[in-house]
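Just so you know, numbering that gives the first Met the number 0 puts 163 at position 164 of the sequence shown, and the rest follows in order with no gaps.
Here a beta-carbon is modelled for each residue, glycine too, at the ideal position from N, C-alpha and C.
Reading through the structure tokens given below for one structure.
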Amino acid sequence: MRPNRNVWWSERACRVRHAARRSALGWLCLGLSVLLSGGALHAETVEVLPERSSSRPIAPRYTLHEDGGVSVRICFNWSCARRETLTFTATEMSAVRGQMGLCPAADLYSRLQRLRLGVWQMETLAQKYQPLLGRDKGVNDRDPDGDGRMDCVDNATNTNTYLRVLAELGLLDGWRIGDPEVRDALSSQVHWTAAIEDERSGERWAVDSWFRPNGHLPFVTPIDAWSSGLTPWEPPFSHLNRAPRYSYELCEAVARERQMLLGRADSGRDDSGLADPDRGHSGRDHSGPDHSGRADIADRDPRE
């Protein structure tokens, strides 16, 4: 089910509501500190918030272990108020590699889908070790009170970390991982996303996992379009953000379509209907691993 068109604009900010709560709580605690200290304000009374929170994504922290495992610091509870380090085993990371291998081709579409699969798999592993992440419902208005909720600061932080891990493992050829991007920074609609850059074209892309619950495929959109507020689940970017029933369908369906269109082109017919913006690849690379044991997306990737 596709997201409500109004979600993008109805969210005043991915953090406005809880930011206001923290601000009010901070002033209340600060006032109490001043009263209890007899009116004197000292430096040690400035740290008054009960949670460590951040108004922007925090720096990634991860470790690649010699045995093939990976440790990553994640954050949640809005604005990275809660931070934990999780360790994924070598076997689990091998499974991530296998899922990303379902899109082995070198064209832009396949590289974007490979990236989306990787982020989804990392989110799923994180939720395995920290089940509270399963309480995240996507955009803030859907999140329940209590532990597990995630805003755009949490999502941009975690996605940035996952992307850097995957890149360092050699699974994101052709991409440079950039710093998180922000739009509407000086307004109540401020929003953060992880970002990447295509080494071939120099084009920058948003990798935005905030709109969906944890453990789902993120949205990918050119940064310029993302900054202008275009919705990634609608044309012209909807074909890049498919959410099929099975993960292998992300690239196999396009491979079949590409083969059909190339066959028409060989017959002198127009192939202008090709969905993939990069038409330089003839189809799926069959020299890769055998993917006959196709993994089912754990929970059909709903759009709300």
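7 angstroms Cβ shell around residue i - same chain, five flanking residues per side excluded
i	result
A184	none
G177	A194, I195, E196 and R203
D240	Looking at the sequence shown, residue 240 is not Asp but Asn. Once the five neighbours on either side are set aside, the close Cβ partners of N240 are F218, V219, P231 and W232.
C102	S109, Q112, R113, L116, L249 and C250
T158	V118, A193, V206, S208 and P217
A166	W174 and I176
R199	G173
Chain-order list of residues whose beta-carbon lies under 6 angstroms from that of residue i (same chain, five-residue window excluded)
i	result
P235	none
W174	I195
T123	G214
L131	D146 and G147
M99	R113, L116, G117 and L170
L151	Just to set this straight, residue 151 is Cys in the shown sequence, not Leu. Counting only Cβ-Cβ distances below 6 angstroms, and skipping sequence neighbours, we find C13, H190, W191 and W209.
G133	Q126
A89	D66, G67 and G68
D277	In this prediction, D277 has a pLDDT of 32, which is less than 50 and means its spatial position is unreliable; what the coordinates show is noted afterwards. Only D106 and L107 meet the Cβ criterion.
Residue closest to residue i, alpha-carbon to alpha-carbon, out of the options
i	options	result
C79	M92, V118, P59 and W225	P59
S54	P221, W191 and D223	W191
R148	R211, L260 and Q120	R211
D223	S186, V181 and S52	V181
Y247	T160, G97 and D135	G97
Q188	K127, S227 and M121	S227
R72	L229, Y128 and R199	Y128
P56	E91, L165, D135 and D153	D153
Euclidean distance between Cα positions of residue i and residue j
i	j	result
D197	G67	27 angstroms
L171	A105	11 angstroms
F75	Y108	30 angstroms
W119	L261	31 angstroms
W225	A205	7 angstroms
L162	D144	28 angstroms
S52	M259	52 angstroms
R244	L168	28 angstroms
A155	A125	15 angstroms
H238	M121	23 angstroms
V95	L229	30 angstroms
P179	M92	24 angstroms
D135	R82	15 angstroms
P221	G201	11 angstroms
S186	W77	19 angstroms
V164	R255	31 angstroms
For residue i, the three-state DSSP class (helix, strand or coil)
i	result
L85	strand
L40	Low confidence applies to L40: its pLDDT is 32, below 50, so where it sits in the model is not reliable, and the reading given next is rough at best. In this structure, L40 counts as coil in the three-state DSSP scheme.
Y247	coil
V152	helix
S208	coil
I57	coil
L131	helix
E122	helix
I222	helix
E196	strand
G97	helix
L216	coil
S227	helix
G177	strand
L261	helix
L63	strand
V164	helix
R115	helix
S78	coil
R255	helix
R51	coil
R310	Outside the shown range of the chain (0 to 303) lies residue 310, about which nothing can therefore be said.
S70	strand
8 angstroms CB neighbourhood of residue i in its chain, flanking five on each side removed
i	result
S70	Y61, T62, H64, T84, L85, T86 and F87
T160	P59, R60, Y61, V71, R72 and I73
Closer than 6 angstroms: residue i CB and nearest the ligand MG heavy atom
i	result
R96	With respect to the ligand MG, the structure shown offers nothing to examine, as it has no ligands at all.
Problem set entry | Three-pair Cβ contact test at 8 angstroms for the segment 109-118 versus the segment 212-227 | Yes, they touch.
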